[in-house]
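**Q** In terms of the numbering used here, the sequence shown opens at residue 1 and continues consecutively. Here it is, the structure, as structure tokens.
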Amino acid sequence: MSTHPESTPSPSVVRLLPFSGPEGKRAHLITDGTPTPLSLLADCMEEQQIETAAVIVILAKPMVEDTASLTTAELRWVTRRFESLTDVLNICESRGQRIPEYAEPERPAVETDSMD
1 MSTHPESTPS
11 PSVVRLLPFS
21 GPEGKRAHLI
31 TDGTPTPLSL
41 LADCMEEQQI
51 ETAAVIVILA
61 KPMVEDTASL
71 TTAELRWVTR
81 RFESLTDVLN
91 ICESRGQRIP
101 EYAEPERPAV
111 ETDSMD
């Protein structure tokens, strides 16, 4: 007789979280794909990070045009905002890892008729 319950789902989804672990390394969540408090928190954080990046693009765009003359403080502000781009790239990577690969559709065999 087995001591493991038969109904226990096996972890099959690895999700890159939108924050770092305790040592500053990337943090991952391994689940069976069902929503958990941590995955819902990650969803919320991702949405906030995307919204923040959108606002930064709107604010920074005029600052980097050819006619703009930036002060040192403004240049530092724009440079520090690149962190939001890193956040969004991590979100894209995480979501991309969770998208299943496409199965190649089977193509019907092409019949060739020979004309005699």
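Note that beta-carbon positions come from the ideal geometry of N, C-alpha and C, so glycine has one too.
Exposed or buried, which one is glutamate 46 when buried takes at least 16 other CB atoms within 10 Å?
**A** Result: buried.
**Q** Rounded to a whole number of angstroms, what is the C-alpha to C-alpha distance between glutamate 51 and proline 108?
**A** Distance between the alpha carbons of glutamate 51 and proline 108 is about 45 angstroms.
**Q** Given this structure, state the Cα-to-Cα distance separating alanine 42 from serine 69, to the nearest angstrom.
**A** 38 angstroms
**Q** To which residues of the same chain is valine 78 closer than 6 angstroms at the C-beta, ignoring the five residues directly before and after it?
**A** Ala60 and Met63
**Q** For serine 12, verify whether its CB is less than 7 angstroms away from any heavy atom of the ligand GTP.
**A** Although the ligand GTP was asked about, the structure shown includes no ligands whatsoever.
**Q** Rounded to whole angstroms, what is the Cα-Cα separation between arginine 98 and threonine 67?
**A** 42 angstroms
**Q** How many Å lie between glycine 21 and isoleucine 91 at the Cα?
**A** Rounded to the nearest whole angstrom, the C-alpha separation of glycine 21 and isoleucine 91 is 16 angstroms.
**Q** Per the DSSP calculation, valine 88 is bridged to which residue(s)?
**A** Note: valine 88 sits in no beta bridge, so no partner.
**Q** With which residues is arginine 76 paired in a DSSP beta bridge?
**A** None, per the DSSP bridge assignment.
**Q** What residue range does the beta strand (DSSP E) around valine 57 cover?
**A** Looking at the DSSP string, valine 57 is not in any beta strand (DSSP E); the run it does join, the alpha helix (DSSP H), is 37 to 60.
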